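Data block below; observations after.
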Amino acid sequence: MSKEFSFVKLPEAKVLIESALRKASKEASMKRDPKEREKTKVLAFYKEVSKKLSSAYRSVPKIEELSEFQRELIEILVGTSELKKTLAHIRKSEKIISKLKKEALYKIKNDTEGKERNYSREFLGRAVSVIKKLKKSIDAYNNYVVKLKEIPDVRYDVPTFIIAGFPNVGKTTLLKKLTGSEPKIASYPFTTTKLNIGYMLTKGVEVQVIDTPGLLDRKLSERNKIERKAILALEHLANCIIFVLDPTLTSGYTLEEQRNLLSDIKERFDMPIIVVISKVDIAEKDEIKRALELVKSLGLEHIFNNDKKLNERLLGFWREHSKPFCGI
Ligand SMILES: Nc1nc2c(ncn2[C@@H]2O[C@H](COP(=O)(O)OP(=O)(O)O)[C@@H](O)[C@H]2O)c(=O)[nH]1
Ligand SMILES: [Mg+2]
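Put into structure tokens, the structure is as follows:
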């Protein structure tokens, strides 16, 4: 997920209770006055628990503030309503303990019968039982945190082009050519492969280009449900798809196979698709001819990968076919 989020893990309920009790008794042992001692015990316990719980739930972004793409992935990864329930439980428990603390402090302050110890004990007993009931939510929370970290660190403030195509057709080569730099690598949930991300600056417009090895190289119907959802989530991120078509047989995939994949992508993704014909330098004339026929038969446009104005032409294509993007 984006750099701005660094999720805080929670200690297990048992560990949290032990550490808060330890802090409480340590700080209290330094006080001589009985009322002061019991007050300190309550406060120290509360402070420790509150610090841990609130820093955890504050570290998780508000669902409403996320991009559509992030929200979609969270829904697939952890289930938005489950996540909300868990966070609400943690927040509510913290509030309950805060209320118990206030009551205990009030009773200790106003006690005239030397019962301050009973009140702090009562507080600790109740607070501990609230935390014990949090066990499941803490475990669920920690599980979420691990999964939330799988959301790739991408930008949402620039248009995004996604590169698709079979393995070895020239996707990564194209990404490097377009962006002129080594791509940044991010993981993508439910897949063993990584996203390669680069940025191209053309005519003052910055575009995020993402190479998705292993994601868009098989028919979606051949994927399991969750994988399919994760792949379709790309639709929320992408503004344009660049399909790399290898006219030669050097990738090991025939034109027919590539056509099937391209037409599957065209069917599933509602956005402009442009075909970049790769390996033009080694392709035979009739291989190029057949590739062009293929592109035409699907009603798509093409660009050759050795086009001197590749970046400009891709940008131009997108501008011509896209809905407006944040005023660009
Ligand atoms: N001759 C030639 N080879 C290319 C071209 N593009 C990619 N290749 C080669 O094809 C192989 C696969 O390229 P790569 O970009 O890694 O493909 P990917 O698996 O789709 O990312 C590599 O050996 C590249 O050097 C091209 O335009 N011309
Ligand atoms: Mg590659």
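The opening position of the sequence shown corresponds to residue 187 in this note's numbering, with each subsequent residue numbered one higher.
Heads up, the beta-carbon is just placed ideally off N, CA and C, and yes, glycines get one too.
What you are looking at is a predicted structure, and each value in this text was computed from that prediction instead of being measured.
Query, Result
"Can Ile417 be considered in contact with ligand 1, in the sense that its beta carbon sits closer than 7 Å to one or more heavy atoms?", "no"
"Which residue from Pro375, Gly356, Asn382 and Val355 puts its Cα closest to that of Ser367?", "Asn382"
"I want to check one thing, is the minimum distance from the CB of Asp397 to the heavy atoms of ligand 2 below 7 Å?", "yes"
"Indicate whether Tyr305 and Leu273 have their beta-carbon atoms separated by less than 8 Å.", "no"
"Could you tell me the alpha carbon to alpha carbon distance between Ile474 and Glu421, rounded to whole angstroms?", "30 Å"
"State yes or no: is the C-beta of Thr436 nearer than 7 Å to some heavy atom of ligand 2?", "no"
"Please report the straight-line C-alpha distance between Ile371 and Ile283, rounded to a whole angstrom.", "43 Å"
"What are the uninterrupted segments assigned as beta strand (DSSP E) that are 3 or more residues long and contained completely in the stretch 414-474, given in chain order?", "426-431 and 459-463"
"Tell me, which residues are paired with Ser373 by DSSP?", "Lys380"
"Just how far apart, CA to CA, sit Val462 and Gly356?", "10 Å"
"Give me the Cα-Cα distance between Glu254 and Asn328, rounded to the nearest whole angstrom.", "23 Å"
"Using a 10 Å radius around the Cβ and a threshold of 16 neighbouring Cβ atoms, would you call Met386 buried or exposed?", "buried"
"Using only alpha-carbon positions, find the residue among Asp339, Ile324, Gln394 and Arg445 that is nearest to Leu259.", "Asp339"
"Classify Ile203 as buried or exposed, calling it buried when 16 or more other Cβ atoms lie within 10 Å of its own Cβ.", "buried"
"Counting C-beta neighbours from all protein chains within 10 Å, is the total for Tyr330 16 or more, i.e. buried, or is it exposed?", "buried"
"Is it buried or exposed for Glu392, if we count other Cβ within 10 angstroms and need 16 for buried?", "exposed"
"At a cut-off of 7 Å, would you count Thr365 as near ligand 1, judging by its Cβ distance to the nearest heavy atom?", "no"
"For the beta strand (DSSP E) containing Asp397, name the first residue and the last one.", "Val391 to Asp397"
"Look up Phe309 in the DSSP assignment and say whether it is helix, strand or coil.", "helix"
"If the criterion is Cβ atoms closer than 8 Å, does the pair Phe231 and Lys209 meet it?", "yes"
"Kindly indicate which residue of Gly300, Lys321 and Leu435 has the alpha-carbon position closest to the one of Arg223.", "Gly300"
"Which residue wins for smallest C-alpha separation from Lys319, given the options Lys333, Glu280 and Pro369?", "Glu280"
"What does the alpha-carbon distance come out to for the pair Leu496 and Asn425?", "18 Å"
"Looking only at its own chain, which residues have a Cβ that is under 6 Å from the Cβ of Ala206, when we skip the five neighbours before and after it?", "Phe231, Glu234 and Val235"
"Taking 7 Å as the cut-off, is the C-beta of Lys370 nearer than that to any heavy atom in ligand 1?", "no"
"Rounded to whole angstroms, what is the Cα-Cα separation between Ile294 and Pro375?", "52 Å"
"In terms of residues, what are the limits of the beta strand (DSSP E) holding Ile324?", "Run containing Ile324: none in the beta strand (DSSP E); it sits in the alpha helix (DSSP H), Lys321 to Leu334."
"Taking the CB atoms as reference points, tell me whether Gly502 and Val430 lie closer together than 8 Å.", "no"
"Taking DSSP as the reference, what is the three-state secondary structure of Phe352?", "coil"
"Around the Cβ of Ile348, are there at least 16 other Cβ atoms within 10 angstroms (buried) or fewer (exposed)?", "buried"
"Using the beta-carbon count (16 or more within 10 Å), is Gln394 buried or exposed?", "buried"
"The alpha helix (DSSP H) spanning Ile489 covers which residue range?", "That residue, Ile489, is in no alpha helix (DSSP H); its beta strand (DSSP E) goes Glu487 to Phe490."
"Do Leu500 and Ile459 have their C-beta atoms within less than 8 Å of each other?", "no"
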